[in-house]
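Trainee: Could you have a look at this structure, given as structure tokens, before my questions?
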Amino acid sequence: MTEPMVRAEQVHKRFGRLAVLKGVSLTVMPGEVTCVIGPSGSGKSTFLRCVNHLEKIDAGRLSVDGQLVGYRQEGDKLYELREREVARNRAEIGMVFQHFNLFGHMTALQNVCAAPVQVLGIARQEAREHGIELLRRVGLEDKRDAYPSQLSGGQQQRVAIARALAMRPKLMLFDEPTSALDPELVGDVLAVMRGLAESGMTMIVVTHEMGFAREVADTVVFMDGGVIVEAGTPSELLANPREARTRDFLGKVL
Amino acid sequence: MTEPMVRAEQVHKRFGRLAVLKGVSLTVMPGEVTCVIGPSGSGKSTFLRCVNHLEKIDAGRLSVDGQLVGYRQEGDKLYELREREVARNRAEIGMVFQHFNLFGHMTALQNVCAAPVQVLGIARQEAREHGIELLRRVGLEDKRDAYPSQLSGGQQQRVAIARALAMRPKLMLFDEPTSALDPELVGDVLAVMRGLAESGMTMIVVTHEMGFAREVADTVVFMDGGVIVEAGTPSELLANPREARTRDFLGKVL
Amino acid sequence: MLLLVAVSIDSIVSNPRFEWDVVGDYLFDDRILDGLVLTLELTVAAMAAGIVLGVLLAVMRLSPNPLVAGASGFYIWLFRGTPVLVQLLFWNFIAALYPEISIGVPFGGPEFFSIQANSAITPFVAALLGLGLNEGAYMAEIVRAGILSVDEGQHQAAHSLGMSRLQTMRRIVLPQAMRVIIPPTGNETISMLKTTSLVSVIATAELLYAAQLIYAENYRTIPLLIVASIWYLALTTVLTIGQYYLERHFGRGSARELPLTPWQRFTRIVVPRHAEPATEPEASGR
Amino acid sequence: MLLLVAVSIDSIVSNPRFEWDVVGDYLFDDRILDGLVLTLELTVAAMAAGIVLGVLLAVMRLSPNPLVAGASGFYIWLFRGTPVLVQLLFWNFIAALYPEISIGVPFGGPEFFSIQANSAITPFVAALLGLGLNEGAYMAEIVRAGILSVDEGQHQAAHSLGMSRLQTMRRIVLPQAMRVIIPPTGNETISMLKTTSLVSVIATAELLYAAQLIYAENYRTIPLLIVASIWYLALTTVLTIGQYYLERHFGRGSARELPLTPWQRFTRIVVPRHAEPATEPEASGR
Amino acid sequence: AGCGSEDDESGGTATTSAPAETSGGGAAAAGTIAIPDALRGKGTLVVATDPTYAPNEFVDRDGTTIIGMDVDLIDAIGERLGLEVDVQRATFDAIIPGLAARRYDVGISSFTDTREREQTVDFVTYFRAGTSFYVREGGPDVTTLEDVCGEKVAVEKGTIQATDVQRQNRRCATPADLQVYPDQNGANLAIQSGRADIGMADSPVAAYIVKQSNGMFRLDGEPYGTAPYGIAIPKGSGLARPVLEAVRALMRDGTYMAILRRWGVEQGAIDNPKINGAID
Ligand SMILES: Nc1ncnc2c1ncn2[C@@H]1O[C@H](COP(=O)(O)OP(=O)(O)OP(=O)(O)O)[C@@H](O)[C@H]1O
Ligand SMILES: Nc1ncnc2c1ncn2[C@@H]1O[C@H](COP(=O)(O)OP(=O)(O)OP(=O)(O)O)[C@@H](O)[C@H]1O
Ligand SMILES: [Mg+2]
Ligand SMILES: [Mg+2]
């Protein structure tokens, strides 16, 4: 039996008195694409941030590729990882944010090349070539020297995707990657993501593109109020939701 | 014959050597809803910003409600308006940005009430009540004391819409107002906008919600490469586009 | 680490050269306390003038009108460029240059108003002019940096709501710039506490000069400098605490979690976790 | 307005009390020039030390580790809190307190290394220690404000790419913080030019002290202070220009259009509009 | 620190005038005066002075050499002690801590010897200065110290004049407006600009100021009072007695008067130098 790529068990997360994740359990096998849907404020972004250890979880167990996120287990005891180790683990997980977060002082190409050079120690020239290739894949080879502030929202998000791919991650997390893209470009980006999925990349995608979910996802997960209400194959969940809440949500969206 | 609310004649705008608007002509009559569609980078946002005089146009003529934007005509001569006058004119035009631009140091309710109190001199208590009412309309009455950084993207955009409506503008400009909203909430916001349109509000909406355009718009305008390629009623333009470029774009989007 | 601190505290307390008994004698000496009051008065007044002037100059400096921006730039250049010492001397001894200040039409026109420079400009006024006008130039740069740190989108949103340039500055931009303005302003205030010592050139005895006058008489330099330092440290402590709370105040709504106040940190330890004060979640940003 | 400037320039040039001939005589006096060189050396060295120390202290101050943050806070408090004059005296006369500097195990343990304080700490070293360590505390606050001005999302994006805290600081946050850091650092540098005059207490004749030594002999106080001011203004001019170009450099990619350089403004007037230099559009942000 | 054995020569007990011991034996030749071993080994007498008080100590036109009556005297004293003399610039704020730190061996900078100051350092007296008044040309007249009452007076900090005016003020009907400036220049500038009317300084200094002022100032009234100048020496350093002997030797062989004459200040000559010779 292969090890799951992501295994979350009863993950809890609260901000002050506001409980945002109230026991999320989810398993993603290598090569699987999991789409997460759910209403605003249901904790989708927060869950992704926990997987990438950008937030510390308050209770439960969360591991990626067999390794606990943020902790090391020796015998029965948990030791908090040191910053360097957390960073190394994060480098293997790509993340695309809802709000792009491009580095404002770098051009598009520099944004894409920075981490491979700094973190992986790849030679500048090689990183550059790979970066240009990635920018071409997202349709922005002519904007390689533009600064983020000179790009439209859509262009910025595509650079952000290229930047995450540049690290050749073993797991990709997407937080509404297409929500700021022009419809005519959504298709291109989804094609890139589809290609990634086919090449065996494990992905968790928070999205509202039901078409994409239906076509590419192995599992679709519906979150609401900080818990996973229902999970299943796209055909099960999207066509025949068991729960009333899911039906309600899908009724509005589709 | 009534005066058009917006009349643009051969409007040009360039950034450095990059010509972004290359002669845009458009007339919007009072009470009309005009939807602008077009690919990324075609100059849609720039045009809206010109209508609101956030950018100075380089050539052409642009007037709102019979008044030249940014200039005063006396006889044959044009005089640049003073800042105070430009501000007064802007106060009558509401604008909702692609990137929200909520005031970070104010709560949701303060964001909504600030301009009515500061600019229109409305009593604080009255502005507050109106503000609460508007927040309720966008489904955020419970978030009135949250700061923008505590709201999700979708929540932020809804506050931005409430903020623009709080000025009771005579013309509303929307720059992809729903592009960062969750699908299930898009409907609510579009309902608000539909209500606005029915109440006689003049609106220019840059959007990719073809359903909304088809249903609400009086005119749909397709922009590409800094010019208006084609304009017409939704049924004409969306169903039977004359131009190849329009057909191409619609083919991708629909 | 702690050992090191302990050892050095020990060696400071026990070193006879510090003459701690003399320090004790003079800590509350009338002359020192008078100097302390003057230092406080000058610092408060000069910083108030400097901040007001600085905001004005910064807004002018960013004006699209090149004449206005240029005038502000010239002021900043001139006042940052000349030593405060010289500026203080200039204001105090302006009478040596212009015995009478008169306002009238130049080149032999009628004179409307004329006054003896020495009676118009008392040493205190000269000190305020010198320190305040100088500080204005420095504050202008700090405020300008703050304004530039606020996203351009904020200006545009405010403008699109019909706010004027000044309303936008006052209501939208400056409040958000405060986060960036406060720490260097804290620096300036703490510096100013000590810059006031330059007013000794116009024979005005603030804290440090008061100490200097005393040790000029009795040669107890080290203990008296310690006395002055203790007071400066006390004032700095008060200012640092004030700055901390100001930063918290203007950090509201900002994109990072506010640090706990020392008091909250204390209650956090004493009171069990689930009994956190009700205001807590509101205070933390995303 | 222009008239006013003209009138005041006229009254400055023609006022005999300024003794412009004496100003001319001393402007390039060897003593003044030597002082100028020392001022420059001290300013450059002390600011370099201050900036390095400041970045370090600021990063420490924002550390999640309370001990590290506390140590940095204590340093900032202590060094901002005591007058530079006292710090300079302290470093110069540390021998009065600790005649020997020795490194070894305290409380009677073996001594590894011992040196006469007076020979280790020359007046120049003392001046550098005093000015640099003090400046570090001020720079720390400025850098901290800069770091806080960078959006939290930038940290997160960098972290999600596997960058460590230090890499994130160095590559992502600090470069973007520069826009906010530079103007107050310009202030500090220009201040430092003049703070160096405090080292006269340890008898190192920088610019202002050189002027004071001369007028102590010939009592031509005003013209010599003018000489010093002219040099300070000249240095400030150079620094202001440098600051302008640094700000442009670090403003790249920022959300507002870069102002034209004076040179570009000139060519813009001379060369017709459609023949703008090819680099122009690249340089302007949205 | 801590050659405690020699502490006896100071200890605030004032006038330890000791003409008895070596007085009989003729001129003390260079190097015959006993000095502490540490100093002998070092071979250099490090002297601190604040060279902003012409003509007693100021910087020569070359910008580095410090000259003046005090400098010539300490040079001669060093020669008597068989030591190189290294005169270093320092401001007043630094001299006393510098002595305590043993960065400087002695300080000579027109210091007035007072009882209070003797608590901190030892003085070897070597000169006696009166106080002169000077006023702006066209300013008020002043003849005696009583005349300062009700006037605006500018003095330098730490001078005997500052103390004198404070004392006088207790006896005035309307006290003087006493302005204490950090240096003599500040005081002069105040008088020049009309912020003060009367200046007071040690006679030689006042004379020099008036000479330099290009007719802007004039001396007025009669010099009054005398106060001893002392060379400041750290307590317990064992140097006070050797310096005293050196001064005596200079007086005996005429060097002393020659130096005073060179700077035109022979009215201030004394003939009985003392350790801690403050007058009340
Ligand atoms: N740092 C924080 N402090 C306080 N509340 C927070 C913080 N981060 C998120 N929240 C709150 O947690 C809830 C869940 O947020 P999250 O961003 O995970 O939702 P989401 O499902 O991604 O929503 P959306 O689709 O709108 O992005 C929201 O109510 C939000 O206001
Ligand atoms: N201030 C500016 N300086 C330089 N180029 C700019 C500026 N503003 C916009 N642009 C460029 O102008 C073009 C049109 O921009 P605009 O934002 O109007 O497009 P848009 O149609 O709104 O696109 P999107 O749908 O992606 O928002 C883009 O190529 C953009 O890079
Ligand atoms: Mg989200
Ligand atoms: Mg746009």
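Residue numbers (my numbering), protein chains in the order written: chain G, 5 to 258; chain Z, 5 to 258; chain C, -16 to 269; chain E, -16 to 269; chain P, 60 to 339. Beta carbons: idealized from backbone N, C-alpha and C, even for Gly.
1. Give a single yes or no on whether G108/Z has its beta carbon closer than 7 Å to a heavy atom of ligand 1.
2. Between D330/P and the rest of its own chain, which residues show a CB-CB distance below 7 Å, the 5 nearest in sequence each way excluded?
3. Within 10 angstroms of its Cβ, does V27/E collect 16 or more other Cβ (buried), or is it exposed?
4. Does the beta carbon of S46/C fall short of 7 Å from some heavy atom of ligand 3?
5. Does the beta-carbon of D228/G, which I'm using as the reference point, lie nearer than 7 Å to any heavy atom of ligand 3?
6. Determine whether the Cβ of G204/G lies closer than 8 Å to any Cβ atom of chain Z.
7. Please confirm whether Y198/E has its beta-carbon closer than 8 Å to some beta-carbon of chain P.
8. Using a Cβ cut-off of 8 Å (strictly closer), state whether G63/P contacts chain E.
9. Within a Cβ cutoff of 8 Å, which residues of the same chain sit near G274/P, ignoring the five residues on either side of it in sequence?
10. Taking R176/P as the query, report the chain C residues whose CB atoms sit under 7 Å from its CB, ordered along the chain.
11. Would you mind listing the beta strand (DSSP E) stretches within the segment 142 to 187 of chain G that are 3+ residues and don't spill past its ends, in chain order?
12. In angstroms, rounded to a whole number, what distance separates the CA positions of M176/Z and L138/Z?
13. Using the beta-carbon of each residue, which ones in chain C are nearer than 9 Å to V180/P?
14. Please identify, using Cβ separations under 7 Å, the residues of the segment 54 to 71 of chain Z that lie next to chain C, in order along the chain.
15. Below 8 Å between beta carbons: does that hold for S262/P and A328/P?
16. Between A107/P and the rest of its own chain, which residues show a CB-CB distance below 6 Å, the 5 nearest in sequence each way excluded?
17. By DSSP, does P293/P sit in helix, in strand, or in coil?
18. Buried or exposed, going by whether 16 or more other CB atoms sit within 10 Å of the CB of P173/G?
19. Which whole-angstrom value describes the C-beta separation of Q159/G and L144/G, a residue pair presumed to lie in contact below a C-beta threshold of 8 Å?
20. Within 10 Å of its beta-carbon, does Q122/Z have 16 or more other beta-carbons around it, so buried, or fewer, so exposed?
21. May I ask you to list the residues that DSSP assigns as paired with P287/P?
22. Compute the minimum distance between the beta carbon of L22/G and the heavy atoms of ligand 1, and state whether it is under 7 Å.
23. If we count Cβ pairs, one from each stretch, closer than 8 Å, do we get three or more for the segment 7 to 14 of chain Z versus the segment 32 to 43 of chain Z?
24. Tell me whether N232/C is buried or exposed, calling it buried when 16 or more other Cβ atoms sit within 10 Å of its Cβ.
25. Go through its chain and collect everything with a Cβ distance to A170/Z's Cβ below 8 Å, but skip five positions before and after it.
26. Can you find the residues in the same chain that come closer than 8 Å, C-beta to C-beta, to G18/E, ignoring five residues on each side of it along the sequence?
27. With 8 Å as the threshold, decide whether the Cβ of V184/C is near any Cβ in chain P.
28. Please indicate yes or no: does the CB of Q77/G lie closer than 7 Å to some heavy atom of ligand 3?
29. Count the other C-beta atoms from every protein chain shown that fall within 10 angstroms of the C-beta of N48/E, then say buried if there are 16 or more, exposed otherwise.
30. Quick one: is the Cβ of K48/G within less than 7 Å of any heavy atom of ligand 3?
31. Is the beta carbon of M122/E closer than 8 Å to that of I209/E?
32. Using a threshold of 7 Å, is the CB atom of Q102/Z nearer than that to any non-hydrogen atom of ligand 4?
33. At the 8 Å Cβ level, is V124/E part of the contact set with chain C, yes or no?
34. Check the Cβ of I205/C against every Cβ in chain P and list those closer than 9 Å, keeping chain order.
35. Is the distance from the Cβ of I155/C to the Cβ of Q137/C below 8 Å?
36. Using the beta-carbon of each residue, which ones in chain C are nearer than 9 Å to Y240/P?
Mentor: If we stick to the structure as given:
1. Here residue 108/Z refers to the residue found at position 104 when the second sequence is read from its first residue. Not under cutoff, so the answer is no.
2. Counting from one through the fifth sequence, the residue named residue 330/P turns up at place 271. Within the same chain, D330/P has close Cβ partners M310.
3. Start at 1 with the first residue of the fourth sequence, and residue 27/E comes out as number 44. With fewer than 16 Cβ atoms within 10 Å of its Cβ, V27/E is classed as exposed.
4. Stepping through the third sequence from its first residue, residue 46/C is reached at position 63. No, since every heavy atom of ligand 3 falls outside the 7 Å radius drawn around the Cβ of S46/C.
5. Within the first sequence, residue 228/G is the residue found at index 224, counting from 1. No, since every heavy atom of ligand 3 falls outside the 7 Å radius drawn around the Cβ of D228/G.
6. For this step, residue 204/G is matched to residue 200 along the first sequence. No, its Cβ sits nowhere closer than 8 Å to a Cβ of chain Z.
7. Mapped onto the fourth sequence, residue 198/E falls at position 215. Judged by the 8 Å Cβ criterion, Y198/E is in contact with chain P.
8. One-based indexing of the fifth sequence puts residue 63/P at position 4. Unreliable placement is indicated for G63/P, whose pLDDT of 37 sits below 50; the coordinate value is still reported in the next sentence. Answer no: the Cβ-Cβ gap between G63/P and chain E never drops below 8 Å.
9. Counting from 1 along the fifth sequence, the entry for residue 274/P is found at position 215. Correct list, in chain order: E196.
10. Along the fifth sequence, one-based indexing puts residue 176/P at 117. Under the 7 Å cutoff, chain C gives N201, Y202.
11. 175 to 179
12. Taking the second sequence and counting its residues from 1, one reaches residue 176/Z at position 172. Taking the second sequence and counting its residues from 1, one reaches residue 138/Z at position 134. Approximately 15 Å, taken between the alpha carbons.
13. Residue 180/P sits at position 121 when you count from the first residue of the fifth sequence. Within chain C, the residues near V180/P are Y202.
14. N56, L58
15. Translated into positions along the fifth sequence, residue 262/P becomes position 203. Translated into positions along the fifth sequence, residue 328/P becomes position 269. Contact flag unset, no.
16. Stepping through the fifth sequence from its first residue, residue 107/P is reached at position 48. Excluding residues within five positions, the ones whose Cβ falls inside 6 Å are Q147, A149, I154, G157, Y163, G166.
17. Counted from its first residue, the fifth sequence places residue 293/P at position 234. It is a strand residue.
18. Here residue 173/G refers to the residue found at position 169 when the first sequence is read from its first residue. So P173/G counts as buried.
19. Stepping through the first sequence from its first residue, residue 159/G is reached at position 155. Stepping through the first sequence from its first residue, residue 144/G is reached at position 140. Contact flag correct, Cβ pair sits at about 6 Å.
20. Start at 1 with the first residue of the second sequence, and residue 122/Z comes out as number 118. With 16 or more other Cβ atoms within 10 Å, it is buried.
21. Residue numbering aside, residue 287/P sits at position 228 when the fifth sequence is read from its first letter. BP columns for P287/P point to R187/P.
22. Residue 22/G sits at position 18 when you count from the first residue of the first sequence. Yes, the Cβ of L22/G comes within 7 Å of a heavy atom of ligand 1.
23. yes
24. Within the third sequence, numbered from 1, the residue matching residue 232/C stands at position 249. Sequence check: residue 232/C is His here, not Asn. H232/C is exposed by the Cβ-count criterion.
25. By one-based count along the second sequence, residue 170/Z stands at place 166. Hits under 8 Å: V116, C117, A119, P120, A131, H134, G135, L138.
26. Translated into positions along the fourth sequence, residue 18/E becomes position 35. Around G18/E: A188, E189, L190, L191, Y192, A193, A194.
27. If you number the third sequence from 1, residue 184/C lands on position 201. By this cut-off, V184/C is an interface position.
28. Indexing the first sequence from 1 puts residue 77/G at position 73. Q77/G Cβ: outside cutoff for every heavy atom of ligand 3.
29. As a working note, residue 48/E is residue 65 in the fourth sequence. Per the 10 Å Cβ criterion, exposed.
30. Here residue 48/G is taken as the residue at index 44 of the first sequence, counted from 1. Checking the Cβ of K48/G against ligand 3 gives yes.
31. Walking along the fourth sequence from the start, residue 209/E turns up at place 226. Walking along the fourth sequence from the start, residue 122/E turns up at place 139. Contact: no.
32. Here the question's residue 102/Z lines up with position 98 in the second sequence. Yes - ligand 4 has a heavy atom lying nearer than 7 Å to the Cβ of Q102/Z.
33. For the purposes of this step, residue 124/E is taken as residue 141 along the fourth sequence, with counting starting at 1. The amino acid occupying residue 124/E in the given sequence is Glu; Val does not appear at that position. Yes - at least one Cβ of chain C is within 8 Å of the one on E124/E.
34. Working through the third sequence from its first residue, we reach residue 205/C at position 222. Here the neighbours are I155, P156, A159.
35. Position 172 of the third sequence, counted from the start, is the residue given in the question as residue 155/C. Position 154 of the third sequence, counted from the start, is the residue given in the question as residue 137/C. Contact flag set, yes.
36. Within the fifth sequence, residue 240/P is the residue found at index 181, counting from 1. Here the neighbours are S183, V184, I185, A186.
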